[in-house]
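Here's the structure we're looking at; comments come further down.
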Amino acid sequence: KAGVTQTPRYLIKTRGQQVTLSCSPISGHRSVSWYQQTPGQGLQFLFEYFSETQRNKGNFPGRFSGRQFSNSRSEMNVSTLELGDSALYLCASSLGAGVYEQYFGPGTRLTVT
Amino acid sequence: DQQVKQNSPSLSVQEGRISILNCDYTNSMFDYFLWYKKYPAEGPTFLISISSIKDKNEDGRFTVFLNKSAKHLSLHIVPSQPGDSAVYFCAASDLISSGDKLTFGTGTRLAVRP
Chain P
643 KAGVTQTPRY LIKTRGQQVT LSCSPISGHR SVSWYQQTPG QGLQFLFEYF
693 SETQRNKGNF PGRFSGRQFS NSRSEMNVST LELGDSALYL CASSLGAGVY
743 EQYFGPGTRL TVT
Chain B
31 DQQVKQNSPS LSVQEGRISI LNCDYTNSMF DYFLWYKKYP AEGPTFLISI
81 SSIKDKNEDG RFTVFLNKSA KHLSLHIVPS QPGDSAVYFC AASDLISSGD
131 KLTFGTGTRL AVRP
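Those protein sequences? They're chains P and B, same order as listed.
Quick note: the first sequence uses my numbering, first residue 643, plus one each step.
Quick note: the second sequence uses my numbering, first residue 31, plus one each step.
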C-alpha cells in the first residue's frame with residue numbers, strides 16, 4: 643500500500659506571496675492532519691480534516707487554511723507569507739473514526755525569503 | 031506552554047545495550063500516547079502507542095511504559111542497534127475532546143554506537 647505523499651517536496655517563496663501544499667493520504671484513510679516543524683518549536687499541530695470537514699484546529703493565524711476533497715486528498719494554503727513561515731510542513735493520515743495512529747508523509751520544505 | 035516535554039535532547043548508547051527515552055506531560059486529560067522515530071529529510075515513522083488504561087505495551091524490541099500518577103512515559107529499546115539512531119518524539123492526545131490532534135515533545139536524538 644502506498645504511503646502518504648506530499649507535493650512539492652521543496653518550495654522557495656518570497657515574503658507576501660501565497661503557497662498551496664498538497665497531501666494524498668494512504669488509501670482508505672479519511673483523516674488528514676497537518677503539522678509545522680521548526681527547529682525552535684518542534685512539531686506544531688495546524689489542523690485536521692475528516693470527511694471534508696475541519697475537525698480540529700491548532701493555534702495558528704488565519705493565514706493558514708486548508709481543505710479536504712471527497713477523495714480525502716488535502717491541501718494547505720498559507721497566504722501573505724512571512725519569514726517565520728519557513729518550516730517543514732508535514733501531513734499525516736489515519737483511518738479516523740477511533741483509530742489514532744497517524745502515518746506521516748515526507749513533508750514539504752518551505753523556505754520564505 | 032509545553033504540555034509534552036522531552037528533557038533530554040540527546041542520548042548515546044552502545045550497540046546491544048538498552049536505550050531508555052523519557053517523556054513527561056502536564057495535561058491530565060491526555061489519554062493516548064505515541065512514539066515516533068524520525069530520520070533526517072523524512073517524515074516521522076510511527077513506532078508504538080499506549081492507551082491510558084494500560085501501563086505497558088510491547089512490540090518486538092520496543093516497549094512503552096506509562097506511569098499516569100507521575101505523568102511520565104518511557105520508551106525502551108532492547109537491544110539497541112545502529113539503525114535505531116534517529117530523533118524520537120513522544121506525542122499525546124486527548125481522545126475525547128481532540129481526537130486526532132497530537133501534541134508532540136521536542137524530541138530526543140538517539141545515537142547508537144557500534
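For glycine and all other residues, C-beta sits at the position ideal for the given N, C-alpha and C.
For I126 (chain B), the secondary structure class from DSSP, reduced to helix, strand or coil, is helix. For D89 (chain B), the uninterrupted beta strand (DSSP E) segment begins and ends at 86-89.
Taking 8 Å as the upper bound for CB-CB distance, D130 (chain B) and S736 (chain P) are in contact here, some 6 Å apart. The beta carbon of F60 (chain B) does not come within 8 Å of any beta carbon belonging to chain P, so the residue lies off that interface.
If you check the CB distance, Y62 (chain B) and L105 (chain B) do not come in under 8 Å. Bounds of the beta strand (DSSP E) holding F687 (chain P) are 684-692.
Per the Cβ contact rule, the region 645-665 of chain P is in contact with the region 726-734 of chain P (3 or more Cβ pairs under 8 Å).
Taking a cut-off of 8 Å for Cβ pairs, the region 58-76 of chain B and the region 108-124 of chain B touch, as three or more such pairs fall below it. In this structure, the CA atom of T695 (chain P) is about 10 Å from the CA atom of S714 (chain P). When DSSP reads this structure, S664 (chain P) sits in a beta bridge with P:T649, P:E717. Of the candidates P:Q683, P:R657, P:G708, P:P703, P:G708 places its Cα closest to the Cα of S673 (chain P).
Taking 8 Å as the threshold, the shortest C-beta distance from L653 (chain P) to chain B does not fall below it. Contact check for T133 (chain B) against L41 (chain B) fails: the beta carbons are separated by 8 Å or more.
About 4 Å separates the Cβ atoms of V646 (chain P) and G747 (chain P), confirming a contact at the 8 Å cut-off. DSSP places Y69 (chain B) outside any beta strand (DSSP E), giving it a letter other than H or E. Contact annotation: S110 (chain B) and I48 (chain B) have beta-carbon atoms nearer than 8 Å. Neighbourhood of P748 (chain P) in chain B, by CB distance below 9 Å: A71, E72, G73, in chain order.
DSSP, read as helix, strand or coil, puts D61 (chain B) in coil. Taking K68 (chain B) as reference, the option from B:V117, B:N57, B:K86, B:A100 with the minimal CA-CA separation is B:V117. Here S127 (chain B) is exposed. Its C-beta has fewer than 16 other C-beta atoms within 10 Å.
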